[in-house]
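I have placed the structure first, in the form of structure tokens, so that the comments after it can refer back to it.
Number of protein chains: 2
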Amino acid sequence: MIRRHPLAEQAAEELLRRIGSGEWTLGTKLPGETTLAAQLGVGRSTIREAVRELAGRRVLESRQGAGVFVIALQAAEDWDKVLRKADITDVLEGRLAIETEGARLAASRRTQADLRTFRYTLADRKRAAANAPDDWYIEADLAFHRAVVTAAHNAVLTELFDTFVPRIRRAMIDMLKLDDEHRHRHDQAAHEAIAEAIRAKDPELAATRAREHLGAVRSSVG
Amino acid sequence: MIRRHPLAEQAAEELLRRIGSGEWTLGTKLPGETTLAAQLGVGRSTIREAVRELAGRRVLESRQGAGVFVIALQAAEDWDKVLRKADITDVLEGRLAIETEGARLAASRRTQADLRTFRYTLADRKRAAANAPDDWYIEADLAFHRAVVTAAHNAVLTELFDTFVPRIRRAMIDMLKLDDEHRHRHDQAAHEAIAEAIRAKDPELAATRAREHLGAVRSSVG
DNA sequence: GCTATCAACTCCTCAGACAAGCTGACAACC
DNA sequence: GGTTGTCAGCTTGTCTGAGGAGTTGATAGC
């Protein structure tokens, strides 16, 4: 799948390159559209589209009458992309950090509703582990883990978990393909132990069990 | 600071709204530029800029000759924005998760170079705590904490930390403004204790000390 | 059934015109 | 001196018309 970049995209890349090279630093006003168009040898509307693209990425900001200004030195890291490119062990260690702390906080903050969610998702996971196709099982497993993080009642942790999910899901799919005997489906007990520790309001125990479970997952991959 | 949105931005918002409302789902081809321009009552180049902006945000993709397609149902979560809007306690708990696990991993993986960085950044921090202005002190403090996470040699954790930094920095500035006696500058010992545990290759101790230090920071804010 | 052709559609790029907004300089005024 | 008003010259914002280039699906021919 080849893909030729339109001029506007190339122009955006060039602008980004110049910003990255230090030619224009934070807060700098770029040359006018007509000047830039002449410099890059393209039309003014092409420059405008390039600027608009970088504005969408929160790198540039244009103010009518004043000019175009640099508001970030590089494109905001696209986390989806970062995670796709990262080693899966690095990703799993990030997940371990989030879920361990999530379990610890959940143990102090969980509500009755959280406990109900644990029961439902654990039951689902048990059924799926027994006889469902891989993708069902994966969703059921992730649903329980998400419930744990949600019970921490911390928006940042929940959002972090959700950011990691797509990458984790892909890794699980790959892993299960190589695992004909469904060995990983047998750790239902470990999941119930985490839920139990949270129910019992034991932060240390919940954190330890979460870390050990995820550490085992990490080892089985790396 | 009032700020009127240009037509192109308004058009981009409208397109995003329609995508979010389910009018156009994943993979859908949008109507042509001329049609959209007529629908929204703007010129063609305005529509083009709106599309280009959403392309920069990875929501749309335009293919010459084929059309414009939806490639994501919503703008990728802009973490900078998420963190700006989140409670500072939630952010600090996220940081605590990252740094605790970072310290734990650093204790097993730190190199001689990491230890050198610890020494430099700790010395800087000590000097800054003694007599430097607030912003110097904050940078020195953050530099040490970043060194700890970097020593974990995990790209995802490092990137996560860097994502959190701007928000943390702002919170520290606000905190120090209310703290005439510079109470927070006196915990140099806690920082050196973390570094010492990592030097001694004691993961549990490093994690515990990191968690306790950051827990104290969190309590002093919340 | 398969391939080649082609017309209609799409986005891409440019140029030119005018509107709208900002900035700094300068004059007028208190 | 200090403040305010005005304005020229810059900037970006928007529209239009024209032609180029790529894609797609229908159709004719084999």
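So the protein lines, in turn, are chains U and G. One rule links them: number in our numbering = place in the first sequence (from 1) + 116. One rule links them: number in our numbering = place in the second sequence (from 1) + 116. Where is the CB? At the ideal position from N, CA and C, for every residue including glycine. Predicted model, so just to flag it, every value in this text is computed and none were measured.
A buried status is given to residue 208 of chain U, since no fewer than 16 other beta-carbon atoms sit within 10 Å of its beta-carbon. For residue 333 of chain U, the enclosing alpha helix (DSSP H) covers residues 319-337. Linking residue 269 of chain U to residue 214 of chain G through their CA atoms gives a straight-line distance of about 17 Å.
Counting along the chain, no beta strand (DSSP E) covers residue 139 of chain G, and no H or E run does either.
Note that the C-beta distance between residue 158 of chain G and residue 123 of chain G is below 8 Å. By DSSP's assignment, residue 179 of chain U forms a beta bridge with U:183. Under the Cβ criterion of 8 Å, residue 122 of chain G is counted among the residues facing chain U. Using beta-carbon distances, residue 207 of chain U counts as an interface residue toward chain G, with a partner under 8 Å. Put simply, the CB of residue 252 of chain G is far from chain U, with every gap to its CB atoms at 8 Å or more. For a cut-off of 8 Å, the C-beta gap from residue 304 of chain G to residue 245 of chain G is around 6 Å, short enough to register as a contact.
Membership of residue 196 of chain G in the alpha helix (DSSP H) is indicated by the continuous run 195-201. Straight across, the Cα-Cα distance linking residue 248 of chain G with residue 241 of chain G is about 10 Å. Close CB contacts of residue 199 of chain U within its chain, under the 8 Å cut and outside five residues either way in sequence, are with 207, 279, 280, 282, 283 (chain order).
Identification of chain G residues near residue 330 of chain U by a Cβ-Cβ cut-off of 9 Å yields none; the smallest Cβ-Cβ distance measures about 10 Å. Among the residues facing chain U, residue 262 of chain G is not included, as its CB has no counterpart in that chain under 8 Å away.
If you look at residue 247 of chain G, you'll find it in the alpha helix (DSSP H) that goes 228-247.
Close CB contacts of residue 317 of chain G within its chain, under the 7 Å cut and outside five residues either way in sequence, are with 223, 224 (chain order).
Residue burial is scored here from C-beta neighbours: residue 154 of chain G has fewer than 16 other C-beta atoms within 10 angstroms and is therefore classed as exposed.
Beta-bridge partners of residue 145 of chain U (DSSP): U:185. The Cβ neighbour count for residue 232 of chain U, taken over all protein chains shown within 10 Å, is under 16; the residue is labelled exposed.
In this structure, residue 184 of chain G places its C-beta atom within 8 Å of the C-beta atom of residue 146 of chain G. For residue 237 of chain U, no chain G residue has a C-beta closer than 7 Å to its own C-beta; the minimum C-beta separation is roughly 22 Å.
Those residues of the stretch 256-280 of chain U placed with their C-beta closer than 7 Å to a C-beta in chain G are 270, 271, 272, 273, 275, 276, 279, ordered along the chain. Taking 9 Å as the cut-off between beta carbons, the residues of the stretch 172-187 of chain G near chain U are 172, 173, 174, 175, 178, 179, 180, in sequence order. The beta carbon of residue 267 of chain G is closer than 6 Å to those of 222, 226, 230 in its chain, skipping five residues each way along the sequence.
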